Amino acid sequence: MNCLKHLCYILILIMAVSLPAVNHARAETAPTIMAFGDSLVAGYGLKPEQAFPARLEARLKKKGIGAKVINAGVSGETSAGAVNRLEWSLNRQKPDYVILITGGNDMLRSVDPSLTRANLQKMMGIFKAHKVPVLVAGMRAFPNLGPGFAAAYPKMYRDVARAYSVVYYPFYLDGVALNSALNLDDGVHPNAAGVDVIVENILPAVEALLKRKP
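In terms of our numbering, the sequence shown opens at residue 0 and continues consecutively.
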């Protein structure tokens, strides 16, 4: 009887020691997603916990996916600026996956879409070299910029995504753009409620991204 009690005690002790190690191992293997882009990533006008990366991480956790989402957004950045800091960001963060959200400031500054396309292609080449699966979130041009811009933007993102066989989400601001209730007073950046709509809409694409091997 004493031997049985002693054996039970040893088993309980082993379990108590092993569980933290198992949890630690799970934490270490949780995928890391780097949300890379401009103010739409950085969370312009919002608290850090209201920005897209934080809200996406919380939503994934709610679905039982323990991914860490890094906020690598820089407000005001164009696609050219994104190209210049991408290599540094990848080397520093070492993400398993990347969500790319860029080009909005190019559109606001009327940058020739062919230049934005070239920058997107450069970034795809960098991602490929780092063997990092990518989700490309597209943007659309404001109607007042003319039919040329309006046609070029969706085609540009779609073509680049197909050429590099990455996950593609057609319009990052889907369901939010031009809706005053979901945007800040500037009419460009989503408010906290708008970010939650974005997260919910893009979630299937993010889940598709996570199914790809890093």
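Backbone N, C-alpha and C define an ideal beta-carbon position, used for all residues, glycine too. Given the structure is predicted, the values throughout are model-derived calculations rather than measurements.
Alpha helix (DSSP H) segment containing residue i, residue limits
i             : result
lysine 60     : 51-61
glutamate 206 : 191-209
aspartate 38  : Contrary to the premise, residue 38 reads as serine rather than aspartate in this sequence. 38-41 is the span of the alpha helix (DSSP H), which, as asked, contains serine 38.
leucine 85    : 78-92
Beta-ladder partner(s) of residue i, from DSSP
i              : result
lysine 67      : Thr31
asparagine 182 : Pro189
glycine 75     : Glycine 75 is not bridged to any residue.
Nearest-angstrom Cβ-Cβ length linking residue i and residue j, presumed shorter than 8 angstroms
i              : j                 : result
alanine 204    : leucine 99        : Contact doesn't hold; Cβ gap of about 12 angstroms is too wide.
alanine 34     : isoleucine 69     : 7 angstroms
proline 112    : phenylalanine 170 : That belief does not hold up - the Cβ atoms of proline 112 and phenylalanine 170 are roughly 16 angstroms apart, past 8 angstroms.
isoleucine 32  : glutamate 86      : Between glutamate 86 and isoleucine 32 the Cβ distance is about 18 angstroms, and since that is not below 8 angstroms, they are no contact.
valine 131     : valine 175        : Valine 131 to valine 175, Cβ: 27 angstroms. No contact.
aspartate 37   : glycine 103       : 6 angstroms
valine 196     : leucine 177       : With 8 angstroms as the limit, valine 196 and leucine 177 do not qualify as a contact, their Cβ atoms being about 13 angstroms apart.
leucine 241    : arginine 58       : Residue 241 falls outside the range modelled here, since the chain spans only 0 to 213, and no answer is possible.
lysine 67      : glutamate 76      : Not quite, the Cβ-Cβ distance comes to about 22 angstroms (not below 8 angstroms), so this is no contact.
methionine 122 : alanine 81        : 7 angstroms
arginine 161   : tyrosine 152      : Incorrect: roughly 15 angstroms between the Cβ atoms, too far for contact.
histidine 129  : leucine 183       : Between leucine 183 and histidine 129 the Cβ distance is about 34 angstroms, and since that is not below 8 angstroms, they are no contact.
threonine 101  : serine 74         : Contact flag wrong, Cβ pair sits at about 12 angstroms.
serine 179     : leucine 144       : Not confirmed; about 21 angstroms, so no contact.
Residue i beta carbon near the ligand SAM (any heavy atom closer than 7 angstroms)
i            : result
aspartate 95 : You won't find the ligand SAM in this model; it holds no ligand whatsoever.
Min CB distance residue i to chain B below 8 angstroms
i            : result
arginine 157 : The question asks about chain B, but that chain is absent: this structure has only one protein chain.
The stretch 61-68 in contact with the stretch 38-49 per 3-pair CB rule at 8 angstroms: no
Could I get the ranges of all uninterrupted alpha helix (DSSP H) runs contained in the stretch 97-169, with 4 residues as the minimum, in chain order? 103-107, 112-129 and 146-162
Tell me, please, whether the stretch 109-121 touches the stretch 46-56 by the rule of three or more beta-carbon pairs shorter than 8 angstroms. Result no; under three Cβ-Cβ pairs closer than 8 angstroms.
Answer yes if the stretch 163-176 comes into contact with the stretch 125-144, meaning at least three C-beta pairs across the two stretches below 8 angstroms, and no otherwise. Segments in contact, yes.
Is the stretch 180-198 close to the stretch 151-163, with three or more CB pairs under 8 angstroms? no
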